[in-house]
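Structure record follows, encoded as structure tokens.
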DNA sequence: TTGTAGTTAGTAATTGCTTACTCATTCGCG
DNA sequence: CGCGAATGAGTAAGCAATTACTAACTACAA
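Protein chains in written order, with our numbering: chain H, 1 to 221; chain U, 1001 to 1221.
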């Protein structure tokens, strides 16, 4: 990989100029590793490359991690910790309208997914590499949204505002639609998705879905 | 990778038992390579592994391909040739109903995507590996469906049966929803998608979408 | 004898990882 | 206060194994 961007330590740190403290270095390594693992996958990212991108020798990686695999798992766990969508969902009003619920979910997925492309790319990398963290990352990324919408759809059916659709299939479908937008923007962006606009996408797609599940006349668009 | 499945040649072929003809061997190598590249990606798949899975030595690979990269490009091109959805779309009646159009597209994507998981996995592998074939495979996999639905939606708007939704965004959203099902079944199947049922998915999701874009009262469910 | 399909034994380069060492800073003791 | 020891962050050099790939050779059928 050419043109590796080297993140060097700050000047005036502990001792020699350019040196980082141990924990600073560890954080840097994890940050740089996340980027490279997300872009190239686990195997295609070499420890030489990781070290070079951090501006240190390979041995430094092994001062902080037992091996490449532990570094990868650490990256995945940290990314998982960053992706906690539950507080956001819990902050939504419990009597949220159907339209607002779908809009909020779509907006959040797009905000997070587009704001931090590494999430989805690391999920792919972890899944392909067969990492045990992959499933956790997958579930932490999707499950809260799916559960939230499933609940809201069930309540809508109970209250007569939603047709008897399958709540699980419907929630998954909508989450899938939004995640596909994220996937295209993050992974396939050079294949013709440079024109993606979040607001346009939400404005167009959310009403389609909400009208599609609503009992006739119950929900205005 | 343990437990590599070896495809040995047939007994009673040319000359020595177990030997294949040149073209048979080439086809076998491509088939086996498709499977391994799809599962592990380009870099993580070694030529040693490829040869072992074919039951030959590595040098045989180089009797048929100039190198690993050429083999990969060959795999991608062949898969692209296998994925030709245009004939199917062209076989659909030109006055197809909205519901039938969406249903046909969803059915086809699911049939192909689930019937041949390698398509999507190779697309991912090619994209991550930065292969020039990746964009072609991406477009050949998605563009025909997107174009077809976009056209049908435009006609629906013109004819007053579809609300003034954005045809491109809407088509992409629906294709995305279906492709996400395929992605989940193919890549994330061990994370809780073993229960996917194609007919249920279509029966639930297609009407939602069609009702969502239809002018009120124009389309029954 | 020739052609075909294959193998063996190798190459140079790369990989993940280790170890002995360096150097600057800090600390503690006399 | 000065000096030596300890510490922390890092490097250079190297390891064994693996990698993509090659060249010379083998064996058998036609």
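For each residue, glycine too, the CB sits at the ideal point set by N, CA and C.
What is the rounded straight-line gap between the Cα of residue 1001 of chain U and the Cα of residue 1045 of chain U?
Caution is warranted here: a pLDDT of 32 is assigned to residue 1001 of chain U, below 50, making its placement in the model unreliable, and the coordinate value is therefore given only provisionally. Their Cα atoms are separated by approximately 9 Å.
Go ahead and label residue 1059 of chain U buried or exposed: buried means 16 or more other beta carbons lie within 10 angstroms of its beta carbon, across all protein chains shown.
With fewer than 16 other Cβ atoms within 10 Å, it is exposed.
Interface residues of chain U around residue 187 of chain H at Cβ under 9 Å?
In chain order: 1124, 1127, 1128.
Leaving aside the five residues before and after residue 154 of chain H along the sequence, list all residues of the same chain whose C-beta is less than 8 Å from its C-beta, in chain order.
167, listed in sequence order.
Under 7 Å Cβ to Cβ from residue 1036 of chain U, same chain only, skipping five residues before and after it: list those, please.
Result list for residue 1036 of chain U: 1045, 1049, 1050, 1053, in chain order.
What in chain U is Cβ-close to residue 100 of chain H, meaning under 8 Å?
Residues of chain U passing the Cβ test: none, with the nearest at roughly 17 Å.
Based on Cα-Cα distance, which residue from H:42, H:30, H:21, H:26 lies nearest to residue 131 of chain H?
With distances taken between Cα atoms, residue 131 of chain H lies closest to H:42.
Quick one: give me the first and last residue of the alpha helix (DSSP H) that residue 134 of chain H is part of.
Here the alpha helix (DSSP H) through residue 134 of chain H covers 133 to 158.
Check for me: the alpha helix (DSSP H) holding residue 197 of chain H runs from which residue to which?
From DSSP, residue 197 of chain H is part of no alpha helix (DSSP H); its letter is neither H nor E.
Nearest-angstrom Cα distance between residue 1183 of chain U and residue 1120 of chain U?
Residue 1183 of chain U and residue 1120 of chain U: Cα-Cα distance of roughly 7 Å.
Excluding the 5 residues preceding and the 5 following residue 1118 of chain U in the sequence, name in chain order all residues of the same chain whose CB lies nearer than 8 Å to its CB.
1034, 1035, 1038, 1079.
For the region 1068 to 1087 of chain U against the region 64 to 81 of chain H, do three or more pairs of beta-carbon atoms, one drawn from each stretch, fall closer than 8 Å, so that the two count as touching?
No, the region 1068 to 1087 of chain U does not touch the region 64 to 81 of chain H.
Just curious, the alpha helix (DSSP H) that residue 1175 of chain U is in, first and last residue?
Segment 1167 to 1186, the alpha helix (DSSP H) holding residue 1175 of chain U.
So with Cβ pairs under 8 Å, would you call residue 213 of chain H a contact of chain U?
True, the Cβ-Cβ gap to chain U drops below 8 Å.
Am I right that residue 102 of chain H and residue 209 of chain H are in contact with their C-beta atoms under 8 Å? What's the rounded C-beta distance?
Sure, about 6 Å apart at Cβ, within 8 Å.
Whose Cβ in chain U lies nearer than 7 Å to the Cβ of residue 191 of chain H?
Within chain U, the residues near residue 191 of chain H are 1135, 1138, 1139.
Only counting the same chain, and skipping five residues up and downstream in sequence, which positions put a Cβ closer than 7 Å to that of residue 181 of chain H?
For residue 181 of chain H, where only same-chain residues beyond five positions count, the Cβ hits under 7 Å are 110, 196, 201.
Helix, strand or coil: how does DSSP classify residue 1059 of chain U here?
It is helical.
Pick out whichever of H:88, H:122, H:94, H:95 has its Cα sitting closest to the Cα of residue 106 of chain H.
Closest option to residue 106 of chain H, Cα to Cα, is H:88.
Please go through the same chain and pick out, in chain order, the residues whose beta-carbon is closer than 7 Å to the beta-carbon of residue 203 of chain H, but skip the five residues on each side of it.
Correct list: empty, nothing qualifies.
Just tell me which of U:1192, U:1069, U:1161, U:1127 has its CA closest to the CA of residue 140 of chain H.
Closest by alpha carbon: U:1192.
How would you call residue 1190 of chain U, buried or exposed, if buried means at least 16 neighbouring beta carbons within 10 angstroms?
The residue in question, residue 1190 of chain U, is exposed, as its Cβ has fewer than 16 Cβ neighbours within 10 Å.
May I ask you to report which of helix, strand or coil DSSP gives residue 1044 of chain U?
Coil.
Is residue 1035 of chain U close to chain H, meaning its C-beta is less than 8 Å from at least one C-beta of that chain?
So, not an interface residue.
Who does residue 162 of chain H pair with in a DSSP beta bridge?
According to DSSP, residue 162 of chain H bridges with H:214.
What number of angstroms, rounded off, separates the C-alpha of residue 1070 of chain U from the C-alpha of residue 1149 of chain U?
Each residue's Cα considered, the two are about 35 Å apart.
Taking a contact to mean a Cβ-Cβ separation below 8 Å, would you say residue 1213 of chain U touches residue 1178 of chain U in this structure?
No, the Cβ-Cβ distance between residue 1213 of chain U and residue 1178 of chain U is not below 8 Å.
Anything in chain H within Cβ reach of residue 1171 of chain U, meaning under 9 Å, just list it in chain order.
Correct list: empty, because the minimum Cβ distance to chain H is about 11 Å.
With distances taken between CB atoms, is the gap from residue 1086 of chain U to residue 1144 of chain U smaller than 8 Å?
Their beta carbons are under 8 Å apart, which means residue 1086 of chain U touches residue 1144 of chain U by this criterion.
Is it buried or exposed for residue 1217 of chain U, if we count other Cβ within 10 angstroms and need 16 for buried?
That one is exposed.
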